[in-house]
Amino acid sequence: MMHSIFWFRTRQWVLSRVLHLTEHKKQTLLAAPDAVLLLPALFRKRRISRILLVTTPGFVRRGTLTSLLDGCKKENISVTIFSEIAPDPQIESVEQGFRLYQQIQAQAILAIGGGSVLDAAKLIGARVCCPKKTVPAMRGLLKVRRKLPPLFAVPTTAGTGSEATAAAVITDCIDGKPYKYAVNDLCLIPDTAVLDPRLTISLPSSMTADTGMDALTHAMEAFLNLFASRSVQNASIEAVCENFHALPEVWRDGTHLAARQEMLHASYLAGFAFTNNFVGYVHAIAHAVGALYHIPHGRANAVLLPAVLREYGSCIAPKLAVLADALSLSGDTVSEKAERMIAAIEAMRDSFDIPSTLPHLSPNDYTEIARRALKEANPTYPVPQIWDSEKIFSVLRRVQS
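In the working numbering, the protein residues as written are 471 to 871.
Right, here's the structure in full:
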């Protein structure tokens, strides 16, 4: 085990240095109410005349995109809509989008939707630039390594941060079982991110809470992981503070534009943070549980986050104390502040009527969940502690009882 830990930490340190030294894609950021309506002029400026729009049937049905499409028409920009994206998108959806992109000879991809839409659009772009490489062959780190077509990402939830990240999560069927895994490559970072709070107003309070807790988990795990750069630490702290400030507000009043904008910014910062320092065991377990039980990703994170933090114990107390100080949570000692931080997360989660347990988990699945989680996290994620199956079992028991 000691040999494995040494190897894991060495690999993580080297990878962190590579990420810190690599020049990331310079992204255009548009952040304001109605910012999405600035896109037609931007397309014209970049001489883009044929676009594949990736979205969901709901956005097409509700007419949310009418003003944008009218603007594109005025600029003589042809837009073909691909709306066959379901929650937890599967490879076939990516392949359909890829074939349509080729058929219309598109020049760019515009993704408008939640994390599932943005992730699917990234993988459609990856297939465009790597037409001979399947999505499963891209699984893991740096397996794409080619420039994608121009990608414009417009999130309609404040959670995944996919508009800022180098990751795309896909659901595949392996040995007859659903399996979530990530494709990670810096070339997947969208060229342009558009943070338009008006597109998030219709989000139900339950989904607002779930996706907001996902953003909080991104920021927390990136901050707690080893080897975080100063920019990652600062972005994570700011994202946590914005989340605690704005998420309760938008849960109570979904039409609060300023709070919606703040949540989009928090999600964006958290996406930047975990692109540069990864996530951890919360996400690794949530991916496994979500695939097996069809639990929304943000909700799984909301339940698992406090349990994983408690399982880490004293090794993360100093960093939790830093976050507690940033939130002005009282405490005389580091351990008291750490406990107040975890309690604050639990209190906010409970205020959103998110359950504190996952009662449908079956102990018969513990071994499979642990196997998947450890395969995802080790050796890549620079987690505060290297865990084995028993630690995963302990977390699962915490959230089942």
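By construction, the Cβ of each residue, glycine as well, lies at the ideal position given by its N, Cα and C atoms.
Taking 8 Å as the upper bound for CB-CB distance, Val710 and Ala689 are in contact here, some 5 Å apart. The three-state reading of DSSP puts Gly682 in helix, counting H, G and I together. Looking only at Ala756, Leu621, Ile812, the smallest Cα-Cα distance to Tyr782 is reached by Ile812. Taking the C-beta atoms as reference points, Met683 is found nearer than 8 Å to Asn771. Under the three-state reduction of DSSP output, Ala634 falls in the helix class.
With respect to Glu633, Gly768 sits apart: the two C-beta atoms are not nearer than 8 Å. For Lys845, the enclosing alpha helix (DSSP H) starts and ends at 836-847. The residues Phe863, Leu866, in chain order, have a CB closer than 6 Å to that of Tyr836 in the same chain once the five nearest residues on each side in sequence are set aside. Cβ contact annotation for Ile815 (same chain, cutoff 7 Å, sequence separation greater than five): Leu775, Pro776, in chain order. If you check the CB distance, Tyr851 and Phe693 do not come in under 8 Å. One alpha carbon belongs to Gln497, the other to Phe714, and they sit about 26 Å apart. For Ala591, the enclosing alpha helix (DSSP H) stretches over residues 585-599. DSSP places Val853 outside any beta strand (DSSP E), giving it a letter other than H or E. Under the DSSP definition of a beta bridge, Thr498 partners with Thr662.
For Thr534, no alpha helix (DSSP H) encloses it, and the DSSP letter there is neither H nor E.
When Thr630, Phe513, Val639 are compared, the shortest CA-CA separation from Gln577 is found for Phe513. With fewer than 16 other beta carbons inside 10 angstroms of its own, Leu499 counts as exposed. One thing to note: Pro674 has its Cβ no nearer than 8 Å to the Cβ of Met818.
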